[in-house]
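Take a look at the structure below.
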Amino acid sequence: MYKIATLNKISKEGTNLLTDEYSLTDDLREADAIIVRSADMHELEFPDGLLAIARAGAGTNNIPLEKCTEKGIVVFNTPGANANAVKELVIASILIGSRNLVDAIEWAKTLKEGAAEAVEKGKAQFAGHEIKGMTLGVVGLGFIGVLVANAAERLGMKVAGYDPYLSVTAAHDLSSKVKIFERIETMLPACDYVTIHVPAMKETNGMFDKQLLDSMKNDAALLNFSRDTLVVAKDVKDALAEKRLRLYVTDFPTDEIIGAAGTILIPHLGASTEESEENCAVMAVNEVMNYLKDGVIENSVNYPTVLAGKKVTEGPRICVLHRNIPNIISRLTGGVGNMGINISNLVNKSTKDFACTILDLDSPADENAILAAFTFDGVISVRIIT
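At position 157 of the sequence shown (counting the first as 1) the number is 681 in the numbering used here, and the numbers step up by one without a gap.
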């Protein structure tokens, strides 16, 4: 039986999917897999038997990816499961920002006797504008970016998009009315609103700095529902103070940005809906079960996708995580050949530096012999599924 630990409260819509082959445990030392939401795992000591971590959400900043990769721990996320929740909050933020609703609501809370008269005298200071006809620039056209772009277009906005890695699926789902730009610097000057939907990684760290902010249209609004690290906080504050940027809306309040004029700070509510948590839990549980039972890897952030299907042979399935270097496949197949066993199916997939090879054997084999044959430089882990 596989044992699964949860580091946060995980929706029962997901955990109720676990079959009799799986059980939940509170003891990390015996866990075969961990399902996590926001808990910080960087200081955790992982047990030697840990095979997988599933993040019930898109971002994996709370997981030490390099450490996991080197230990042969496959890390999953749940792309798209919370996309609708984030989309709705982004659209709500555009509307709130366009009508100055935050300031207006706070002002209304101060009203005392004679409120009706005060309202008529004071409401002009909060006059805003309609978003119909305004241009929204969407930076990053993944699951969330596409949903935001399509929703904004249906609300009457003109929509521009930038994504140098636009997938075929995203392009198919994107409204044909969205104008795609090849360079972000060309798109930004045309946009009244800009919303960021790119992953937080080394290449995107500080992406919106002074240079990029200076290329934006004067009096534009910037929305950040991806991660705080994508913007240089000081440069955003300067742009706001100099009135080059009208508004900054973010789901990630930080010490650097708190208190700055012209900001709307939201306490990381992007995926905080009951529906989103259920969707993420269901996807995370399915990813873990498919990997533990069949070695199938889908939506991993540190190892390649390997859709090997279910094992149909009498012999075992051997799942090997290894470095993407020459001669490994031949050594793996040679090791099986030396045992006099036929390989009925072989799947090999790789990323830049790492790979996974799955071999289905026609007949039973001695597990110790397999482990001995597959233990050499470049192999990170070997798992035998009978």
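In this text, a Cβ means the ideal position worked out from N, Cα and C, and glycines have one as well.
Contact set for residue i: own chain, Cβ-Cβ below 6 Å, skip 5 residues either direction
i	result
G794	V610, L613, F749 and D775
K682	T659
A582	N601 and P603
T530	I559
S868	T837, D884 and D886
T875	P828
E554	K527
T825	The question names Thr, but residue 825 is Val in the sequence shown. Result list for V825: T584, V599 and N601, in chain order.
I790	D775
S535	E801, E802 and A805
P571	R553
With 16 other Cβ atoms within 10 Å as the buried cut-off, status of residue i
i	result
I782	exposed
A578	buried
P588	buried
H721	buried
D687	buried
E811	buried
E654	exposed
G833	exposed
D544	exposed
T899	exposed
V692	exposed
L831	exposed
T710	exposed
D556	buried
I597	buried
Y689	exposed
S800	buried
L665	buried
S547	exposed
I849	exposed
V643	exposed
D550	exposed
M813	buried
Same chain, Cβ closer than 7 Å to residue i, five either side skipped, listed in chain order
i	result
V626	I620 and I788
N729	T753
H792	D775 and F776
I668	A607, V610, K611 and H721
A784	K761 and L764
D564	N586
A889	G839, P840, M863 and I865
K835	D818, R841, D884 and I909
N803	A605 and N606
Continuous alpha helix (DSSP H) stretch holding residue i: start and end
i	result
K817	E798 to D818
A636	According to the sequence shown, residue 636 is Lys rather than Ala. From DSSP, K636 is part of no alpha helix (DSSP H); its letter is neither H nor E.
V599	From DSSP, V599 is part of no alpha helix (DSSP H) but of the beta strand (DSSP E) over V598 to F600.
I620	A607 to S622
D759	A757 to A765
A893	E891 to A897
K591	L589 to E594
G538	K536 to T539
Extent of the continuous beta strand (DSSP E) run through residue i
i	result
R553	From DSSP, R553 is part of no beta strand (DSSP E); its letter is neither H nor E.
N872	I867 to S874
L856	Looking at the DSSP string, L856 is not in any beta strand (DSSP E); the run it does join, the alpha helix (DSSP H), is I852 to N862.
K527	Y526 to T530
T881	F878 to L885
V844	R841 to R847
A578	A576 to R579
Residues that DSSP places opposite residue i in a beta bridge
i	result
T774	N748 and L789
S547	K527
R907	C843
S824	F600
F475	The structure shown does not extend to residue 475, since the chain is modelled only from 525 to 910, so the question has no answer here.
V830	I821
V560	R579
L769	A744
Sequence-distant residues of its chain with Cβ nearer than 8 Å to residue i (five each side left out)
i	result
P713	S739, M740 and K741
E677	V683, S699, K701 and V702
A651	N624
T778	D752 and A757
Inset, instruction - Only counting runs of 4 or more residues, tell me where the alpha helix (DSSP H) segments fall wholly within the region 648 to 725, in order along the chain. - result: 667 to 678, 692 to 697 and 708 to 711
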